[in-house]
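The structure appears right after this line, and notes come after that.
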Amino acid sequence: MLAGKRLLLIIGGGIAAYKCLDLLRRLKEQGMQVTPVLTAAAQEFVTPLSVAALAGEKVYTDLFDLTDESEMGHIQLSRVADLVLVAPATADLMAKMAGGHANDLASTLLMATDTPVMIAPAMNLRMWQHPATQRNAAQLQADGITLVGPNAGGMACGEYGPGRMSEPLEIVAAIKAALSNGPLTGKRLLVTSGPTHEPIDPVRYIANRSSGAQGSAIAAALAALGAEVVFVTGPADVPPPEGVEVVAVQTAAEMLAAVEKALPVDGAVFAAAVADWRVASAQKSKIKKDKGKLPVLEFAENPDILAQISQMKTGRPKLVVGFAAETDDVIALAQAKRVRKGCDWIVANDVRPQTGIMGGEENAVHVITADSCESWPRMQKTQVACQLADRIAAALA
Ligand code: C5P
Numbered sequence: 033m034l035a036g037k038r039l040l041l042i043i044g045g046g047i048a049a050y051k052c053l054d055l056l057r058r059l060k061e062q063g064m065q066v067t068p069v070l071t072a073a074a075q076e077f078v079t080p081l082s083v084a085a086l087a088g089e090k091v092y093t094d095l096f097d098l099t100d101e102s103e104m105g106h107i108q109l110s111r112v113a114d115l116v117l118v119a120p121a122t123a124d125l126m127a128k129m130a131g132g133h134a135n136d137l138a139s140t141l142l143m144a145t146d147t148p149v150m151i152a153p154a155m156n157l158r159m160w161q162h163p164a165t166q167r168n169a170a171q172l173q174a175d176g177i178t179l180v181g182p183n184a185g186g187m188a189c190g191e192y193g194p195g196r197m198s199e200p201l202e203i204v205a206a207i208k209a210a211l212s213n214g215p216l217t218g219k220r221l222l223v224t225s226g227p228t229h230e231p232i233d234p235v236r237y238i239a240n241r242s243s244g245a246q247g248s249a250i251a252a253a254l255a256a257l258g259a260e261v262v263f264v265t266g267p268a269d270v271p272p273p274e275g276v277e278v279v280a281v282q283t284a285a286e287m288l289a290a291v292e293k294a295l296p297v298d299g300a301v302f303a304a305a306v307a308d309w310r311v312a313s314a315q316k317s318k319i320k321k322d323k324g325k326l327p328v329l330e331f332a333e334n335p336d337i338l339a340q341i342s343q344m345k346t347g348r349p350k351l352v353v354g355f356a357a358e359t360d361d362v363i364a365l366a367q368a369k370r371v372r373k374g375c376d377w378i379v380a381n382d383v384r385p386q387t388g389i390m391g392g393e394e395n396a397v398h399v400i401t402a403d404s405c406e407s408w409p410r411m412q413k414t415q416v417a418c419q420l421a422d423r424i425a426a427a428l429a
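Heads up: the sequence shown runs through residues 33 to 429, numbered per the numbering used here.
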């Protein structure tokens, strides 16, 4: 969906500028055309040559470059794109933008542009938390500018906290969402996917046969309709789709924490095959084989993430969709499960080995709501995902 679209990428002067080289590569892979602009400070971190090589386009750096003015004036340059992205947006660049300064090429373009603007802030955590930066961030949002990130994490300066620039794929997802005019534009959706691994000891775990294929396809289909998607995935066989925010987890407890952190969302699809039990006291050291003695594993029940989110008293997503993988009496059990868990819809499927559904490319599902049950013919999991995404878009409209 980015093919043929143009981005004006303003690279600011921060250590996170190096991530823009990867971002450029990701955008080019998707067929996006990128016109790069480097501030003077940015050129201390990345060279115009490397940026030009990855973008495959001329790099602009100077407001008073007469050649540029004869080829393309700064006003024209500010209007060539479908979106302007500032990454990394330093504290200084944000202050300039909030104050309406126009004293170099980047700030002048940002003042002159008539296209939507997105910024990916990156700075030391104290600088991010400083009241001046927070004031500027609020002002920029009030001016209609979209912020992506910053994330919390370790920093180049050795400190830990909010201020890290979003990862290139998160920025790609935000760009897709901003440029999409699909029916889920402006909506935030959560998808859980894959199995969970519950440790027995540091080298052994309990798992199941979920490949993550259906969850990945659903996340991709929702993103293609313009949704901002948080994809919380266990260790799946299928790679996560491009253009979504990926949160990788191992256990059910980690999945619940990641889901809670992703809230609030407009809708949530729980496609993960979460382990029902974990080993009550997973060992810190590898359990040794002891002749004649068999280890006894005691289990504890895992949190039911779907039920917990479905039954939230405040802030519940408007639409909660669960899955039911059954081997017998599929529809009746799934209908009862929908009521018991408190979700809005259940997508039920028959996972007896002879169906080849678990781990396969096709699925045959029954979509169960409070007052209906629709049986869809067997089709590709990607097709199930597209039909389900259309349904979700209609329900959230
Ligand atoms: O109870 P059962 O595992 O059959 O329910 C399946 C549905 O509940 C799926 O949507 C699955 O993602 C979700 N689930 C969950 N947390 C659990 C168990 C299941 O979110 N601990």
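We put the beta carbon where it would ideally sit given N, CA and C, even for glycine.
Report the rounded CA-to-CA distance for residue i versus residue j, giving the unit in angstroms.
i	j	result
A205	T265	17 Å
L56	Q75	16 Å
Q340	G347	12 Å
V301	N381	15 Å
A210	G258	8 Å
S237	D136	Contrary to the premise, residue 237 reads as Tyr rather than Ser in this sequence. Those two C-alpha atoms are separated by around 57 Å.
Q282	V362	28 Å
S243	P194	33 Å
M197	H229	30 Å
A426	L338	22 Å
M150	A253	23 Å
G185	L125	22 Å
D298	G391	29 Å
R423	R220	15 Å
E358	K325	35 Å
V306	I378	15 Å
Rounded C-beta distance between residue i and residue j? I'm assuming under 8 Å.
i	j	result
A366	A356	4 Å
A294	V262	4 Å
A314	I232	6 Å
P148	A48	Wrong, their Cβ atoms sit about 22 Å apart, outside the cutoff.
D54	P200	5 Å
W309	E333	6 Å
D114	R38	6 Å
P153	P182	5 Å
Classify residue i: buried if its beta carbon has 16 or more other beta carbons within 10 angstroms, exposed otherwise.
i	result
V91	buried
R167	exposed
L222	buried
E202	buried
G88	exposed
R370	buried
C189	exposed
G275	buried
K345	exposed
R384	exposed
S317	exposed
Q386	exposed
S460	Examination of residue 460 is not possible in this model, given that the chain is present from 33 through 429 alone.
Q161	exposed
K321	exposed
So what does residue i bridge to, in DSSP terms?
i	result
T224	V264, F302
H398	A380, S407
N183	R196
W160	According to DSSP, which records beta bridges pairwise, W160 is partnered with nothing at all.
I42	V69, V118
E333	W309
M150	L117, T178
A327	First, the amino acid is wrong: residue 327 is Pro here, not Ala. Its beta-bridge partners do not exist; DSSP assigns none.
G354	F302, I378
Is residue i near the ligand PLP, judged by its Cβ being under 8 Å from some heavy atom?
i	result
K208	Inclusion of the ligand PLP in the displayed structure is not the case, the ligand content consisting of the ligand C5P alone.
* Asked: Around the ligand C5P, what residues have a beta-carbon under 5 Å from a heavy atom of it, in chain order?
  -> F302, A304, V306, N334, D336, I337, L338, G354, F355
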